[in-house]
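Report on one structure; see the data block that follows.
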Amino acid sequence: MDITDVCFAGAAEQAHLLRSGELSARELIEACLRRIETHDRTLNAFREVFAEAARAAAAEADERRARGEDAPLLGVPVAVKEDQPIAGRPTTLGTTAVRQSQPADGELVRRLRAAGAIVVGRTREPELGLWPFTETAHAGVTRSPWAPEHSSGGSSGGSAAAVAAGLVGAAIGTDGAGSIRIPSACTGVFGLKPQRGRFSLHPAGEQWTGLVVAGPITRHVRDWALVADHTHGSLPTDAAHAAPPATSFTEAAATDPAPLRIGLSLRPWGVGVPIDPEVRNAVLDTAALLADLGHQVDRRDPDYLDPTSLYGLAPRYLRSAAEGAAAVDRPDLLETRTRRVAALGRLIPSALVDRSIRFGARLAEQANRVFDDVDVLLTPALTRPPLRAGEWEGHSALRVLLAANRYVAFLPLWNIAGNPAAAVPAGHTPEGAPLAVQLVGRPHDECTLLSLAGQLERARPWADRYPPGFA
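Here it is in structure tokens:
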């Protein structure tokens with residue numbers, strides 16, 4: 001296996017190669033840093049690259065292995081989204097308005113390092129993580145390596161682009177209304193939004209009224225499982241706590257599921273939301289493959305209660321935007337669109353936000369009744385192929401909000417409900433832009449999603465091709 005193949009191999013295979021002695025951590029980190037230097041000028045995936053710290057960590061990893069030590073991710077290069085606290089650096093949140101450095105790593109970063117992973121950099125997001133595309137006035141556009149004229153999605157757009165381009169073996173993203181699944185869908189990688197409470201958000205605590213979760217973005221299902229096995233778990237002080245998984249995530253990813261009942265839903269959450277024919281065909285093709293694999297696939301739509309999606313989501317999103325804007329060190333440096341969304345959020349009464357949160361509990365209960373009849377729900381990930389870079393530039397904040405709501409119409413419900421939900425690659429458009437489907441599981445049941453996604457990957461591999469120009 002040459003070094004380019006190693007860089008695209010993903011975290012699990014990289015960990016195996018390092019453990020077997022087929023390459024050193026120094027060799028792998030240098031290869032990743034060279035790829036970042038070569039390709040990130042096009043992608044714009046990284047906010048910061050910690051080159052010297054990564055080299056020092058790689059040397060330490062090799063020394064530990066020479067002493068007979070081991071760790072699950074020892075020497076594996078990873079990246080983390082810029083909303084994850086890193087000791088000695090500001091948590092930049094996609095903006096230039098944050099200046100204060102953090103005293104310590106966040107819990108998820110701490111666990112990555114404890115498992116032996118090497119954090120080579122932090123990846124870009126839109127300002128305050130508000131948008132389903134990663135574009136800012138100060139940094140420009142983060143692009144999909146499969147189709148550089150297209151956005152990498154958002155808000156974890158830098159993390160997904162870095163994984164898709166073979167710059168790191170895995171990356172961490174966060175998801176408050178689709179922000180792991182959107183960029184995974186836009187860049188042809190695997191992104192599973194975990195159950196609320198599966199990964200600790202400490203020290204940040206609850207974010208966006210409980211909508212936000214953190215988790216890996218990876219090339220292979222087994223990569224997600226490996227990283228998650230060694231980083232999941234909540235702290236006693238965390239606001240949410242997930243039930244223990246039925247088995248290890250690695251075991252789940254490697255094991256085909258027994259025949260499942262799959263609900264196929266093409267009804268988006270929102271009124272008058274169209275579904276692009278290419279997206280519809282990708283979902284129907286996946287449904288046919290699942291049937292060929294022995295699963296029972298039937299049409300089944302969840303009950304949304306709020307058909308507009310506005311009452312269940314908008315008050316919480318807008319108030320969270322306002323609170324996020326108020327918390328930065330230099331609010332005057334925020335972009336105009338961010339300030340306008342924050343202004344809308346300040347108009348939302350606290351009582352309306354509280355009612356929206358209470359309604360969310362009813363909405364979640366009603367939506368989860370779909371799992372009385374099915375084991376997994378299959379839907380589109382996005383309602384159309386990935387946005388073109390800058391497609392919504394110059395549009396008013398309100399117009400972008402409404403367009404984004406239609407674009408991600410299948411995703412935010414499961415942030416409100418808390419269920420695990422994954423974006424799974426499902427081919428490409430004729431122009432080369434990735435397509436994806438969403439798999440939604442019962443509460444706390446990532447294991448079934450990993451088993452099913454792993455079976456799909458084995459039947460229809462998506463990571464054996466590299467983006468043109470990145471090999």
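Note that the UniProt record's numbering numbers the sequence shown so that position 383 is 383, with each residue one more than the last. For glycine and all other residues, C-beta sits at the position ideal for the given N, C-alpha and C. Because the structure is a prediction, the values reported are computed rather than measured.
Contact between the segment 397-410 and the segment 444-452 is absent, with fewer than three C-beta pairs closer than 8 Å. Here residue 435 is near residue 279, since their CB atoms are less than 8 Å apart.
DSSP places residue 444 outside any alpha helix (DSSP H), giving it a letter other than H or E. Taking the Cα positions, residue 88 is about 29 Å away from residue 18. Proximity to residue 39 across 301, 275 and 146 peaks at 146, based on C-alpha coordinates. Residue 59 places its beta carbon 8 Å or farther from that of residue 34. Around the beta-carbon of residue 281, fewer than 16 other beta-carbon atoms lie within 10 Å, marking it exposed.
With respect to the 8 Å criterion, residue 173 and residue 136 are not classified as neighbours on the basis of their beta carbons.
Shown here, residue 46 sits in a strand according to DSSP, grouped into three states. At the C-beta level, residue 250 and residue 214 stay beyond 8 Å of one another. For residue 277, the enclosing alpha helix (DSSP H) starts and ends at 277-292. Taking a 10 Å sphere around the C-beta of residue 100, we find fewer than 16 other C-beta atoms and assign the residue as exposed. Shown here for residue 442: same chain residues with a beta carbon closer than 6 Å to its own, the five before and five after excluded, namely 371 in chain order. Here residue 463 has 219 and 220 as same chain residues with Cβ atoms under 6 Å from its own Cβ, once five neighbours each way along the sequence are excluded. Boundaries around residue 16 are those of the alpha helix (DSSP H), 11-20, since no beta strand (DSSP E) includes it. Taking a contact as a CB-CB distance under 8 Å, the pair residue 144 and residue 433 counts as one, their CB atoms being some 7 Å apart. Between residue 164 and residue 188, the gap from beta carbon to beta carbon is short of 8 Å. By the criterion of a C-beta distance shorter than 6 Å, residue 57 is surrounded in its chain by 118, once the five residues flanking it on both sides are discounted.
Each residue's CA atom was taken as its position, placing residue 419 and residue 195 some 5 Å apart. Within 10 angstroms of the beta-carbon of residue 82 lie 16 or more other beta-carbons, which makes it buried. Judged by pairs of C-beta atoms under 8 Å, the segment 340-349 does not touch the segment 223-242, as fewer than three such pairs exist. CA-CA distance, residue 23 to residue 7, rounds to 12 Å. Beta-bridge partners assigned by DSSP to residue 215: 173. Beta-bridge analysis with DSSP links residue 249 to no other residue.
Here DSSP, grouped into helix, strand and coil, assigns residue 119 to strand. In this structure residue 263 is not in contact with residue 303, their Cβ atoms being roughly 12 Å apart against a cut-off of 8 Å. For residue 77 against residue 120, the beta-carbon gap comes to about 5 Å, under 8 Å, which counts as contact. DSSP lists 218 as the beta-bridge partner residues of residue 190. Setting aside the 5 residues that flank it on each side, residue 107 is surrounded in the same chain by 200 and 202, each with a C-beta closer than 6 Å to its C-beta; the list follows chain order. In this structure residue 29 touches residue 54 by the C-beta definition: roughly 5 Å separates them, less than 8 Å. As for any beta strand (DSSP E) of minimum length 3 sitting wholly inside the segment 60-141, the runs are 77-81 and 118-123, ordered along the chain. A distance below 6 Å between beta-carbons, with the five flanking residues on each side excluded, links residue 399 to no residue of its chain. Residue 209 and residue 377 have their C-alpha atoms roughly 25 Å apart.
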